[in-house]
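Here the structure is laid out as structure tokens; the discussion comes afterwards.
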Amino acid sequence: MTQTESSPGSSPEGAISGAELRLENVVKRYPGQKAAAVESLSLTIPAGEIVAFVGPSGCGKTTSLKMINRLIEPTSGTIRLDGEDIRSESATSLRRKIGYVIQGGSLFPHMTVATNVAVVPKMLGWDSKRIATRVDELLDLVGLDPDRYRDRYPRELSGGQQQRVGVARGLAADPPVLLMDEPFGAVDPITRQRLQDELISIQRELRKTIVCVTHDIDEAIKLGDRILILQEGAKIAQYDTPDTILAAPANDFVADFVGAGSSLKQLSLTRVRSLDLGQPTTAHVGEDTGPVVRRAEEAGDDSVVVLDDRDRPVAWPWLRQVRHNDRVQSTPRELLVTLDQAATLNDALDTMLTSAHSKVIVTGDRDRYLGVVDFESVTEHMRRTERDAAQQMQDAGGHEAVDADG
Amino acid sequence: MAESRPAPVPVVESDDDVAPEQSARVITREMVIMLVVPPVLVAAVFGAFVWWRQTAELDSVEAQQLRWGVIRSLMWEHVQLTLVSAAIVVLVAVPLGIMLTRGRFRAAAPVVVGIANAGQAAPSVGLIVLLFLWLDGGFWTAIYALSLYGILPVLRNTIVGIQGVDPTLVEAGRGLGMTGAMTLFRIEVPLAIPVIMAGVRTSLVLIAGTASLACFIDAGGLGEILQTGISLFRFSLMVTGAVLIALLALLIEWLGRVLELATRPKGI
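These protein sequence lines map, in sequence, to chains Y and V.
Taking this note's numbering, I'd label the letters of the first sequence as residues 61 to 466.
Taking this note's numbering, I'd label the letters of the second sequence as residues 478 to 745.
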């Protein structure tokens with residue numbers, strides 16, 4: 061597969077607001093240590109992409125990340141942000157232009173959520189009105205109700221909520237680059253999956269350049285437009301799109317690191333949006349049920365997806381329940397489980413297993429309804445990729461045989 | 478709706494993992510007890526003392542020493558000695574402690590704490606007398622001695638408090654583009670305040686107790702009643718001095734607790 065396929069070129073929602081990052085022969089050597097922590101790392105991170113740095117602990121991935129915002133100064137080499145050497149300005153003013161998100165959020169416990177988010181804008185001298193608007197906007201973006209959470213202290217938030225505020229704080233001054241250091245390491249798996257989905261959906265809108273350090277290859281596969289797999293000394297084992305890394309690991313180290321069960325990993329590599337979505341009957345809240353029921357019967361559907369005035373799915377009643385009322389009823393939106401279009405097939409299967417419909421509703425930006433995914437479409441997709449992969453293997457095997465003969 | 482079947486809306490978890498049921502400021506039962514009991518106790522014991530003072534038959538020496546005017550001025554002296562010394566301690570020890578956690582001074586921290594430790598280990602009477610021999614007696618000599626004596630807890634707690642701030646928070650601050658001074662004053666110091674204030678309270682109590690010795694170098698304080706009682710062997714004076722000093726110390730301890738609570742940043 062080519063990298064354009066999984067690069068954000070395929071999701072043209074937002075304009076790129078990120079900037080290119082280029083590392084040129086970057087070395088970090090600590091005095092008194094024989095081996096360099098980072099020995100000559102060169103790499104280009106294209107604007108607007110998420111690049112995940114993965115590798116075993118101690119491979120230098122966090123060191124590499126921290127050199128980008130000069131929390132660690134490289135021993136030699138150059139890092140360029142948008143073509144400009146990052147040493148051309150002071151470390152503090154550089155850092156105010158680079159968002160920084162840390163494991164667990166690392167919120168300042170003595171500041172409210174709003175003050176935490178406002179740290180960088182305040183240092184940049186924004187006026188208080190602009191800051192207040194921006195804080196509310198960001199809390200909204202990361203899925204926290206501003207009125208409810210603005211004045212809380214971090215200890216009054218759950219781990220996942222703290223992490224959301226951490227992301228909001230990183231994005232506060234609208235930096236072109238966002239550095240994330242094990243951002244979702246400290247939350248439970250369900251919350252982590254949600255936060256990852258939300259990050260993907262936020263990124264679809266903002267198109268920042270995001271560098272995300274993680275030790276979890278699954279997280280890297282899910283989040284990364286590209287993945288940088290590092291070996292000890294921050295030697296590049298492979299730097300490519302998730303598809304290529306899964307399909308063609310560059311060496312044994314990568315193959316080991318990516319691990320077994322790569323067809324299961326394919327499940328977490330494929331996004332729901334690449335499936336053909338089913339289009340069952342939909343209705344809007346408050347509509348007369350008569351025509352709705354007729355439409356559903358014509359289409360042979362036994363349930364109806366109810367949307368609110370902003371086309372967000374709110375309920376999914378059976379046809380029999382719809383007939384009971386004159387008008388289409390709504391339920392609180394939170395009660396309906398939906399999937400973002402960026403969710404993986406893994407998440408989709410997981411959600412379907414607990415759904416009464418054995419299907420799941422897929423939503424796009426700002427929770428707008430897109431369609432429905434069912435079990436058959438997932439298995440069909442898997443069978444197809446498996447067939448393609450087998451075909452490719454056969455072709456490759458044939459070539460090798462020819463080479464051996466010649 | 479006579480629907481036997483459960484609603485088809487699959488109800489899983491709510492919108493997010495649930496936030497803990499906590500208020501921003503934690504007030505434990507212990508805190509409440511420590512805030513309420515001492516003033517009540519002090520008031521009760523002081524009431525009993527007033528009743529005894531008004532009803533007891535005193536000889537002329539006792540009556541002279543226990544006049545309300547005398548007691549009031551001695552107590553005021555004692556309070557002055559304590560508060561002025563404590564203020565000097567805070568003004569010196571907090572900045573010194575902060576400095577000893579910064580870059581190149583960090584190496585000196587153990588040495589300075591060691592000196593402060595030795596200073597406190599020295600007998601307080603010795604310290605006061607030494608300063609008396611050097612500086613002569615009086616209020617300010619007593620203040621110097623008391624300040625020297627009370628500096629250790631604040632100094633140590635300032636250093637420990639600042640060193641105890643989660644380093645990832647400091648790094649978060651720097652990563653967001655705070656300067657060194659900003660991380661210090663916006664993150665490290667506020668987060669260290671509870672520990673520093675605990676040191677201030679300890680120091681206040683130490684100073685209040687030691688101020689009883691100020692009378693030896695002519696600096697007044699409630700120690701005078703005690704000293705007169707001892708030298709003239711008046712049991713009532715000894716008890717009165719001891720009780721009043723104890724009450725004042727308790728009250729100052731309590732004041733320290735109130736201060737601790739009042740200065741604690743919200744959210745921690």
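Ideal Cβ positions, reconstructed from N, Cα and C, are used throughout, including at glycine.
C-alpha gap between residue i and residue j, whole angstroms
{"i": "Gln222/Y", "j": "Val173/Y", "result": "9 Å"}
{"i": "Ser470/Y", "j": "Leu199/Y", "result": "Because residue 470/Y is not part of the residues shown, which for chain Y are 61 to 466, the question remains open."}
{"i": "Pro487/V", "j": "Phe435/Y", "result": "At Pro487/V the pLDDT is 36, less than 50, meaning the model places this residue with poor confidence; the figure from the coordinates comes in the next sentence. Using only the alpha carbons, I get a separation of about 16 Å."}
{"i": "Leu204/Y", "j": "Ile158/Y", "result": "23 Å"}
{"i": "Lys94/Y", "j": "Ala593/V", "result": "41 Å"}
{"i": "Gly686/V", "j": "Ala726/V", "result": "6 Å"}
{"i": "Arg219/Y", "j": "Val589/V", "result": "The sequence shown places Gly at residue 219/Y, rather than the Arg named in the question. Rounded to whole angstroms, Gly219/Y to Val589/V spans 40 Å at the Cα level."}
{"i": "Glu730/V", "j": "Val682/V", "result": "6 Å"}
{"i": "Gln542/V", "j": "Ser550/V", "result": "12 Å"}
{"i": "Ser100/Y", "j": "Lys88/Y", "result": "8 Å"}
{"i": "Ser136/Y", "j": "Phe113/Y", "result": "21 Å"}
{"i": "Ile548/V", "j": "Ala585/V", "result": "45 Å"}
{"i": "Ser124/Y", "j": "Leu131/Y", "result": "10 Å"}
{"i": "Arg355/Y", "j": "Ile260/Y", "result": "35 Å"}
{"i": "Glu440/Y", "j": "Ile421/Y", "result": "18 Å"}
{"i": "Ile709/V", "j": "Val716/V", "result": "Going by the sequence as given, residue 709/V is Leu instead of Ile. Cα to Cα, the separation comes out at about 13 Å."}
{"i": "Tyr621/V", "j": "Leu632/V", "result": "16 Å"}
{"i": "Pro485/V", "j": "Asp410/Y", "result": "Confidence in Pro485/V is poor, its pLDDT being 39 and thus under 50, which makes the residue's placement unreliable; the coordinate value appears in the next sentence. Approximately 17 Å, taken between the alpha carbons."}
{"i": "Thr251/Y", "j": "Ile636/V", "result": "38 Å"}
{"i": "Cys692/V", "j": "Ile628/V", "result": "21 Å"}
{"i": "Val514/V", "j": "Glu258/Y", "result": "52 Å"}
{"i": "Val314/Y", "j": "Glu292/Y", "result": "13 Å"}
{"i": "Glu529/Y", "j": "Leu184/Y", "result": "No statement about residue 529/Y is possible, as the shown extent of chain Y runs from 61 to 466 and does not include it."}
{"i": "Arg741/V", "j": "Thr445/Y", "result": "60 Å"}
{"i": "Leu405/Y", "j": "Ser418/Y", "result": "14 Å"}
{"i": "Val647/V", "j": "Leu604/V", "result": "40 Å"}
{"i": "Thr304/Y", "j": "Leu290/Y", "result": "16 Å"}
{"i": "Val423/V", "j": "Gly650/V", "result": "Here chain V covers residues 478 to 745 and nothing more, so residue 423/V does not appear."}
{"i": "Gly733/V", "j": "Gln557/V", "result": "15 Å"}
{"i": "Val432/Y", "j": "Arg370/Y", "result": "18 Å"}
{"i": "Val561/V", "j": "Leu699/V", "result": "16 Å"}
Beta-carbon neighbours of residue i, restricted to chain V and to distances below 8 Å
{"i": "Tyr160/Y", "result": "Ala649, Gly652 and Leu653"}
{"i": "Ser390/Y", "result": "Per Cβ cutoff of 8 Å: no residues; Ser390/Y is ~11 Å from chain V at best."}
{"i": "Met171/Y", "result": "Gly744"}
For residue i, three-class secondary structure by DSSP
{"i": "Asn176/Y", "result": "helix"}
{"i": "Val374/Y", "result": "strand"}
{"i": "Leu610/V", "result": "helix"}
{"i": "Asp493/V", "result": "Note that Asp493/V scores 49 on pLDDT, short of 50, meaning its location in the model is unreliable; the coordinates nonetheless yield the value given after this. Coil."}
{"i": "Leu367/Y", "result": "strand"}
{"i": "Ala297/Y", "result": "strand"}
{"i": "Gln291/Y", "result": "strand"}
{"i": "His441/Y", "result": "helix"}
{"i": "Leu646/V", "result": "helix"}
{"i": "Leu131/Y", "result": "coil"}
{"i": "Ser415/Y", "result": "coil"}
{"i": "Asp361/Y", "result": "coil"}
{"i": "Glu265/Y", "result": "helix"}
{"i": "Ala570/V", "result": "helix"}
{"i": "Val637/V", "result": "helix"}
{"i": "Leu683/V", "result": "helix"}
Under 7 Å by beta carbon: chain V residues contacting residue i
{"i": "Val179/Y", "result": "Leu653"}
{"i": "Arg156/Y", "result": "Gly654"}
{"i": "Asn129/Y", "result": "Gly652"}
Partners in chain Y for residue i, counting only beta-carbon separations shorter than 7 Å
{"i": "Leu738/V", "result": "Those do not exist, as Leu738/V stays about 15 Å from chain Y at its closest Cβ, beyond 7 Å."}
{"i": "Thr656/V", "result": "Thr152"}
Residue i - partner residues in DSSP beta bridges
{"i": "Glu84/Y", "result": "Thr138/Y"}
{"i": "Val271/Y", "result": "Val111/Y and Leu239/Y"}
{"i": "Leu103/Y", "result": "Leu83/Y"}
{"i": "Arg194/Y", "result": "In the DSSP output, where bridge partners are listed per residue, Arg194/Y has none listed."}
{"i": "Arg331/Y", "result": "Thr404/Y"}
{"i": "Gly338/Y", "result": "Val432/Y"}
Closer than 9 Å at the beta carbon, the chain V residues around residue i
{"i": "Phe168/Y", "result": "Leu646, Ala649, Gly650, Arg663, Ile664, Pro667, Leu668 and Gly744"}
CB contact below 8 Å: residue i versus chain B
{"i": "Met183/Y", "result": "In the displayed structure, chain B is absent; the protein chains listed are Y and V."}
Contact between the segment 162 to 170 of chain Y and the segment 216 to 234 of chain Y: three or more CB pairs below 8 Å? Because the criterion of three Cβ pairs below 8 Å is met, the segment 162 to 170 of chain Y and the segment 216 to 234 of chain Y touch.
*asked:* Contact between the segment 334 to 345 of chain Y and the segment 288 to 299 of chain Y is defined here as three or more beta-carbon pairs at a separation below 8 Å; is this criterion met?
replied: Under the 8 Å Cβ criterion, the segment 334 to 345 of chain Y does not count as touching the segment 288 to 299 of chain Y, having fewer than three qualifying pairs.
Query raised in the report: Do the segment 595 to 614 of chain V and the segment 652 to 671 of chain V make contact, defined as three or more Cβ pairs closer than 8 Å?
Result: A contact is defined here as three or more CB-CB pairs under 8 Å, and the segment 595 to 614 of chain V fails this definition with respect to the segment 652 to 671 of chain V.
Does the segment 270 to 287 of chain Y touch the segment 103 to 113 of chain Y, meaning 3 or more C-beta pairs lie closer than 8 Å? These segments touch.
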